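A.B. asks:
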Ligand SMILES: NC(=O)c1ccc[n+]([C@@H]2O[C@H](COP(=O)([O-])OP(=O)(O)OC[C@H]3O[C@@H](n4cnc5c(N)ncnc54)[C@H](O)[C@@H]3O)[C@@H](O)[C@H]2O)c1
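In our numbering, the protein residues as written are 1 to 258.
#1: Roughly how many angstroms lie between the CA atoms of residue 53 and residue 106, to the nearest whole one?
#2: Determine the extent of the alpha helix (DSSP H) in which residue 164 is found, giving its start and end residues.
#3: Taking the alpha helix (DSSP H) that residue 246 falls in, what are its first and last residues?
#4: Check whether the Cβ atoms of residue 83 and residue 124 lie closer than 8 Å to each other.
#5: If we ignore side chains and look at the alpha-carbon of each, how far apart do residue 56 and residue 228 end up?
#6: Could you pull the start and end residues of the alpha helix (DSSP H) that residue 183 belongs to?
#7: Here's a check: name, in chain order, each residue in its chain whose Cβ is nearer than 6 Å to the Cβ of residue 214, leaving out the five neighbours to either side.
#8: For residue 43 and residue 254, what's the separation of their Cα atoms in angstroms?
#9: Please classify residue 168 as buried or exposed, where buried requires at least 16 neighbouring CB atoms within 10 angstroms.
#10: Whole angstroms are fine: how far does the CA of residue 74 sit from the CA of residue 131?
#11: Where does residue 211 fall in DSSP's three states?
#12: Counting only the same chain and skipping the five closest in sequence on each side, list residues whose C-beta sits under 7 Å from that of residue 66.
Put into structure tokens, the structure is as follows:
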């Protein structure tokens with residue numbers, strides 16, 4: 001197993017893509033600690049793991065709360081070192097640009113970018129003292145391609161792309177690799193179900209692979225980047241989007257080759 005006995009923190013791991021990441025990590029042999037703001041979903045996750053004869057450790061944490069993150073990370077580290085950090089927690093709000101309130105903007109940026117920063121700093125500091133580790137950020141197709149009616153989200157995901165690169169440079173000589181995974185359209189997740197989000201038909205139509213990614217597809221990419229198979233990979237954004245970012249969809253419906 002690729003990640004046998006490695007200890008991992010996954011933020012936002014109680015539902016959606018994070019849940020798929022947790023399952024992939026468990027299957028790869030990792031010991032998984034899930035931090036999420038949704039206490040009820042964390043309890044469900046624990047019960048699900050127990051019924052599969054597995055175990056996850058959980059803590060209710062808001063990733064935007066810098067002091068709360070520091071306290072919880074220090075507590076966890078006093079039990080044992082963390083080998084891998086997966087910054088997955090994120091939120092989206094879909095509106096016309098002029099309808100976003102100040103608090104919408106602040107909340108999206110403080111969860112999506114602030115959360116990645118808070119955890120990378122808190123866990124990364126310990127990793128550096130110990131001699132290494134791996135950080136993986138869940139970015140998005142929106143890190144490189146804008147989409148409609150979600151300007152603060154797109155800005156936050158663009159920032160995660162550059163934060164990944166900047167931290168990769170700063171932390172490489174401390175033996176910490178920092179990469180990102182960019183999901184395209186993903187099935188069965190809360191965010192995908194947002195009003196104004198992509199409907200199934202539209203998402204499938206413009207995805208060259210003609211299906212939505214599953215949370216498990218994203219989890220598999222995380223396992224690869226976390227493993228020693230990716231030992232020379234840092235500062236990269238690995239798109240898991242079924243080819244959406246490979247090019248334009250112009251021509252996809254033409255019936256013959258010109
Ligand atoms: N769903 C998609 O199609 C899609 C596409 C590209 C990128 N992403 C990214 O994947 C990640 C997961 O998205 P998802 O679709 O699974 O979302 P989701 O809403 O299904 O799940 C998000 C999880 O994060 C938790 N969370 C939210 N705010 C939090 C906070 N402040 N502190 C701690 N936990 C918090 C939620 O409780 C939930 O368990 C996000 O970073 C998102 O931007 C999603």
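A virtual CB, placed ideally from N, CA and C, is assigned to each residue, including glycine. Note that the coordinates shown come from a computational prediction; the quantities given were computed from them, not determined experimentally.
C.D. replies: This is what the structure holds:
#1: For the purposes of this step, residue 53 is taken as the residue at position 53 of the chain shown. For the purposes of this step, residue 106 is taken as the residue at position 106 of the chain shown. Approximately 40 Å between the Cα atoms of the pair.
#2: Within the chain shown, residue 164 is the residue found at index 164, counting from 1. First-last of the alpha helix (DSSP H) with residue 164: 151 to 172.
#3: One-based indexing of the chain shown puts residue 246 at position 246. Residue 246: not part of any alpha helix (DSSP H); DSSP gives it neither H nor E.
#4: One-based indexing of the chain shown puts residue 83 at position 83. One-based indexing of the chain shown puts residue 124 at position 124. No, these two residues do not count as a Cβ contact at 8 Å.
#5: Walking along the chain shown from the start, residue 56 turns up at place 56. Walking along the chain shown from the start, residue 228 turns up at place 228. Near 23 Å, if we compare the C-alpha coordinates of residue 228 and residue 56.
#6: Numbered from its first residue, the chain shown carries residue 183 at position 183. Counting along the chain, residue 183 falls outside any alpha helix (DSSP H), though it belongs to the beta strand (DSSP E) covering 176 to 183.
#7: Numbered from its first residue, the chain shown carries residue 214 at position 214. Shown here for residue 214: same chain residues with a beta carbon closer than 6 Å to its own, the five before and five after excluded, namely 187 in chain order.
#8: Reading the chain shown from its first residue, position 43 is the one you call residue 43. Reading the chain shown from its first residue, position 254 is the one you call residue 254. Distance between the alpha carbons of residue 43 and residue 254: 50 Å.
#9: As a working note, residue 168 is residue 168 in the chain shown. Within a 10 Å sphere around the beta-carbon of residue 168 sit 16 or more other beta-carbons, which makes this residue buried.
#10: To locate residue 131, count along the chain shown from 1; it is residue 131. To locate residue 74, count along the chain shown from 1; it is residue 74. Residue 74 has its alpha-carbon roughly 17 Å from the corresponding atom of residue 131.
#11: The residue you call residue 211 lines up with position 211 of the chain shown. If DSSP states are grouped into helix, strand and coil, residue 211 belongs with coil.
#12: Translated into positions along the chain shown, residue 66 becomes position 66. Cβ neighbours of residue 66 within its own chain (closer than 7 Å, five residues either side excluded): 118.
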